Structure formats: C-alpha cells, structure tokens
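Following my numbering, the numbering of the sequence shown begins with 1459 at its first residue and continues without gaps.
Note that CB positions come from ideal geometry on N, CA and C, so glycine has one too.
Note that the structure is a prediction, hence the values are computed from the model and not measured.
Everything below concerns the one structure shown next.
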Amino acid sequence: DIEKFLDKKECRRLDKFTQYALIASMEAVENAKLDLNQIDKDRFAVIVGSGIGGFNTNEKEFKTLHTKGIKRISPMYIPMTIINAAAANIAIKFGARGMCTSVVTACATGTNSIGDAYRHIKDGYADIAITGGCESSITPIAIAGFTNMRALSTSKNKTKASIPFDKDRGGFVMGEGAGILVIESLEHAKKRGANILAEIVGYGSTCDANHVTAPLEDGSMAAQAMTEAVKDAGIKPENIDYINAHGTSTKLNDKGETNAIKMAFGEHAYKLAVSSTKSMTGHMLGASGAVEAIISALAVKNNIIPPTINYQVPDDDCDLDIVPNRARESRVDYAMSNSLGFGGHNASIVLRKVV
C-alpha cells in the first residue's frame, strides 16, 4: 500500500519505479540508523539507477495520446519517466547534495550502481551514499516485448517457471521492486555507530562487446569481472565462500555464467556455494543486483546461504553446488554477487564479514 509511505499527491507525481526507490531508501536510512542532521550533506551522494525507468507512465500516456489527444498528456510526464527521477527524488528527500547520478546497464544496473558508489567513496569524493536499483516493468507492453524475444518463461506451473540452473529452464519470470543500500567509509560508519551489515571490498565491471542480448557462451568477460572484483578485494579466489549468481533461468545465461565461474575460480568453483535467489524473487531487471547485494550482505552477516528453489532436473552444463531447494547454515566470510545485463554488461562485487 503505497499511501502508507507516500501521500496521495506525491504518488500522482511519481512513477511506480521511483515510488519503490523512495520507500526502499526510507527503509535503508532507518536500518542504517542514519541521523541526517549529523552528516555533511555536501559529501552525501546518491547513485541509484533503473534499467528501463517509467514504463508504467509511458504506457499510460501513450494510450492517452492516441485516445484523447496531445493536450491531455500530463505536464509531469517527462519528469515521471526519466530514469534519474529516482535518484533525484531520493536526493531531494534526504538533502543529499553530493554527486547524484543514475547508472543504466540493463540487468547489471543495481550492481554497477553499488560498485560505482563504493569507488566514489573509496576515492575520497564522498563520505556516504544511498545506492541501488529500482524497476517497475510488469506492464502489458513490457511483458509482450520480453515474451516475443523469448526471454520469459511460458510455464503454467509456478514451480517450473523460475528455475535457474535446472535442465528444464526456459526463461525468466518478471519481478519488480527496489533494493537500496546506505554505504559509507568504514571510519565514518564506526564514528557514528552505524548498523554495519557487511563491508564492500571489491568491484569488477566488464563488457562482452559481443551482442546486444546474448551473453558470450564461454563467459570469459563475466569471468574477468569476477577476477577483477577478487583482485580489488586483495584476496585469493579460494577465499570466496558464496556467490549469489545472476542465474536468470534462461538457457544461455545459466550455462554461460557457470562457465564464467569455472574460468574465474578453477577447481575452487566446485567448492563454492552458488545459488540464484531469482528462483524466489523473479528477475527485477535494474533492481535485481541491488536486492541480491542485500541478500549477499545478510548471508555474510548471518552465515546462512539462500537456496535455489524449485530445482528438480540436474543439467550437466550447470554442475556447480547451487544449494538446491533449502537454505544452508554455513560460515560466509566473503560473498560475491554477480549481475549480467543485456548489452554485455558484467558486474561483480565482493562483500566481507565485519568482525
């Protein structure tokens, strides 16, 4: 119920993807125990992106144009649909006067946003940032578009729909929402007594430079992103305990990502836990990487590895430990979260336990 968080007037002026981002940012600020009166607003950044932006508003206004004419188009149409609307409205709400920008790398958006915010703070340009991704694309035209490109599952059985790494997988299930994190330098977090869940210590980002939708089958550039993230973290590949995989439940992605993990980790790939939480959330496009970063942070904090649910039929092309069907209690000192997006965008981050 949006109106539990935002007033009616505010709701009318914001597309659903921005509403999600604002609500998630409010929850993140509360969870981080962030006192807005005690931080330097000039060093407070917002890096929040979306893969598509205001799809709901676009569809509504296109219908209005063709049925009622030009003069009935909302004067708020443009500011509601532009992708930076989420970041801008978050900055306005919390008075964040540092860099405010929006990453757009399709399904890698959330992870790239977090990685870019991590580097922005690490390089000394900000003390603190609100970062993540948001998406609201469950609309007739979006579903039609993804269906006609044969990306979505056509299963009528919900337990056979979003089934990453399963041999019978046939496409993803659309999800929507937002994942928002408050990240800051460790010194800044400790000084203000923050609620610290995990530490981001590594980030890697590459491009396949190959095809607008299909990933490289050998996964080589996705592997390079993982290798760069591990190197940035200053650790060895065998230090990674868990990978939250992109794992979309499409034939090409899951096979390619499995190949990438093997290439990046060698024999250690078979000792890793590698699950896809899209089996539970669906694929939230630009929001997915941010939500999965949160899940990875909680895996590190709580030593609980989330499962790949609804897994039934093993696939020789996806032969890693995918934590089938049930969560697993296991110590997680380092976790990696992967995102792979249309256009060949690959992004990986590494999170570490804070002790």
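**Prompt:** Can you tell me whether DSSP reads Glu1675 as helix, strand or coil?
**Reply:** For the purposes of this step, residue 1675 is identified with residue 217 of the sequence shown, where counting begins at 1. Three-state DSSP puts Glu1675 in coil, outside helix and strand.
**Item:** Backbone secondary structure at Glu1634 - three-state DSSP
**Value:** Reading the sequence shown from its first residue, position 176 is the one you call residue 1634. Coil at Glu1634, not helix or strand.
**Message:** Using a Cβ distance threshold of 8 Å, determine whether the region 1579 to 1593 contacts the region 1628 to 1645, with at least three qualifying pairs required.
**Reply:** Short answer: they touch.
**Prompt:** For Arg1810, which of helix, strand or coil comes out of DSSP?
**Reply:** As a working note, residue 1810 is residue 352 in the sequence shown. If DSSP states are grouped into helix, strand and coil, Arg1810 belongs with the strands.
**C-alpha gap between Asp1624 and Pro1765, whole angstroms** = The residue labelled residue 1624 in the question sits at position 166 within the sequence shown. The residue labelled residue 1765 in the question sits at position 307 within the sequence shown. Cα to Cα, the separation comes out at about 13 Å.
**Item:** Three or more C-beta pairs below 8 Å linking the region 1720 to 1730 and the region 1689 to 1701
**Value:** yes
**Message:** For Val1771, which residues in the same chain have their Cβ closer than 6 Å to its Cβ, ignoring the five residues on either side in sequence?
**Reply:** Taking the first residue of the sequence shown as 1, we reach residue 1771 at position 313. Around Val1771: Asp1624, Lys1625, Asp1626.
**Request:** Could you check how far apart the C-beta atoms of Asp1791 and Lys1759 are, in whole angstroms? I think they sit under 8 Å.
**Result:** As a first step, residue 1791 must be located in the sequence shown, where it is residue number 333. As a first step, residue 1759 must be located in the sequence shown, where it is residue number 301. In fact, because the Cβ distance is near 11 Å, the residues do not count as touching under 8 Å.
**Prompt:** Can Gly1507 and Phe1475 be called in contact, C-beta distance under 8 Å?
**Reply:** Within the sequence shown, residue 1507 is the residue found at index 49, counting from 1. Within the sequence shown, residue 1475 is the residue found at index 17, counting from 1. No. Outside cutoff.
**Request:** Kindly list the residues whose CB is nearer than 7 Å to the CB of Asn1489, restricted to its own chain and excluding five residues on each side of it in sequence; keep chain order.
**Result:** Along the sequence shown, read from residue 1 onward, the residue named residue 1489 stands at position 31. Residues Asn1653 of the same chain have their beta carbon placed closer than 7 Å to that of Asn1489, with the five preceding and five following residues left out of the count.
**Asked** So which of Asp1666, Ile1536, Ile1807, Ile1763 has the shortest CA-CA distance to Ser1678?
**Response** Numbered from 1 along the sequence shown, position 220 holds the residue referred to as residue 1678. With distances taken between Cα atoms, Ser1678 lies closest to Asp1666.
**Prompt:** Mapping DSSP to helix, strand and coil, what is Cys1665?
**Reply:** Sequence index remark: in the sequence shown, residue 1665 carries index 207 (1-based). Cys1665: strand per DSSP, three-state reduction.
**Message:** Quick check on the DSSP output: what are the complete beta strand (DSSP E) runs of length 3 or more inside the region 1710 to 1778, in order along the chain?
**Reply:** 1731 to 1733
**Prompt:** Looking at the unbroken beta strand (DSSP E) that takes in Cys1592, where does it start and where does it end?
**Reply:** Locating residue 1592 in the sequence shown gives position 134, where the first residue counts as 1. It spans 1586 to 1593 - the beta strand (DSSP E) in which Cys1592 sits, taken as one unbroken run.
**Request:** Identify whether Pro1598 lies in helix, strand or coil by the three-state DSSP scheme.
**Result:** Counting from one through the sequence shown, the residue named residue 1598 turns up at place 140. DSSP, reduced to helix, strand and coil, places Pro1598 within a helical segment of the structure shown.
**Request:** Check the C-beta distance from Arg1608 over to Met1538 and give it rounded, since I have them as a contact under 8 Å.
**Result:** Numbered from its first residue, the sequence shown carries residue 1608 at position 150. Numbered from its first residue, the sequence shown carries residue 1538 at position 80. Between Arg1608 and Met1538 a beta carbon distance of about 31 Å is seen, past the 8 Å cut, so the two are scored as non-contacting.
**Request:** Give the single residue among Met1684, Asp1465, Ser1746 whose Cα lies nearest to the Cα of Asn1804.
**Result:** On the sequence shown, position 346 is the one that residue 1804 refers to. Selected option, being the one with the closest Cα: Met1684.
**Request:** Please name the residue in Ser1620, Arg1501, Val1808, Ala1647 whose C-alpha comes closest to that of Ala1691.
**Result:** Position 233 of the sequence shown, counting from 1, holds the residue named residue 1691. Relative to the Cα of Ala1691, the nearest Cα in the group Ser1620, Arg1501, Val1808, Ala1647 belongs to Val1808.
**Prompt:** Exposed or buried, Ser1520, counting other C-beta atoms within 10 Å across all chains shown (16 or more means buried)?
**Reply:** Mapped onto the sequence shown, residue 1520 falls at position 62. Correcting the residue identity first, residue 1520 is Phe in this sequence and not Ser. It is exposed - the Cβ of Phe1520 has fewer than 16 other Cβ atoms within 10 Å.
**Request:** For Arg1530, count neighbouring Cβ atoms within 10 angstroms of its own Cβ and tell me buried if that reaches 16, exposed if not.
**Result:** Start at 1 with the first residue of the sequence shown, and residue 1530 comes out as number 72. That one is exposed.
**Request:** For the alpha helix (DSSP H) holding Leu1798, just list the boundary residues, first then last.
**Result:** Within the sequence shown, residue 1798 is the residue found at index 340, counting from 1. Counted as a single uninterrupted DSSP element, the stretch harbouring Leu1798 is not any alpha helix (DSSP H) but the beta strand (DSSP E) occupying residues 1792 to 1799.
**Prompt:** I think Asp1510 touches Leu1743, with their Cβ atoms under 8 Å apart; what is that distance to the nearest whole Å?
**Reply:** Your numbering for residue 1510 matches position 52 in the sequence shown. Your numbering for residue 1743 matches position 285 in the sequence shown. Reading off the sequence, residue 1510 comes out as Ile, not Asp. Between Leu1743 and Ile1510 the Cβ distance is about 7 Å, and since that is below 8 Å, they are a contact.
**Request:** Name the one or two DSSP bridge partners that Arg1786 has.
**Result:** Numbered from 1 along the sequence shown, position 328 holds the residue referred to as residue 1786. Paired residues: Ile1763.
**Request:** Evaluate Thr1612 with the Cβ neighbour count: other Cβ atoms within 10 Å of its Cβ, from every protein chain shown; 16 or more gives buried, anything less gives exposed.
**Result:** Here the question's residue 1612 lines up with position 154 in the sequence shown. Classification of Thr1612: exposed, given that the 10 Å Cβ count is below 16.
**Prompt:** Going by alpha carbons, who is nearest to Asp1777 out of Gly1629, Thr1589, Asn1796, Val1732?
**Reply:** Counting from 1 along the sequence shown, the entry for residue 1777 is found at position 319. If we check each option's Cα against that of Asp1777, Val1732 comes out closest.
**Request:** Would you tell me roughly how many angstroms separate the C-alpha atoms of Ala1680 and Asp1459, rounded to the nearest one?
**Result:** Your numbering for residue 1680 matches position 222 in the sequence shown. Your numbering for residue 1459 matches position 1 in the sequence shown. Cα to Cα, Ala1680 sits roughly 38 Å from Asp1459.
**Asked** Who are the near neighbours of Ser1707 in its chain, counting only those whose CB is closer than 6 Å to its CB and skipping five residues on each side?
**Response** Translated into the one-based positions of the sequence shown, residue 1707 becomes position 249. Once the five neighbours on either side are set aside, the close Cβ partners of Ser1707 are Ser1620, Ile1621, Pro1622, Arg1627, Phe1630.
**Message:** So, with DSSP's three-state summary, where would you put Thr1559?
**Reply:** Taking the first residue of the sequence shown as position 1, residue 1559 is located at position 101. Correct three-state label for Thr1559: strand.
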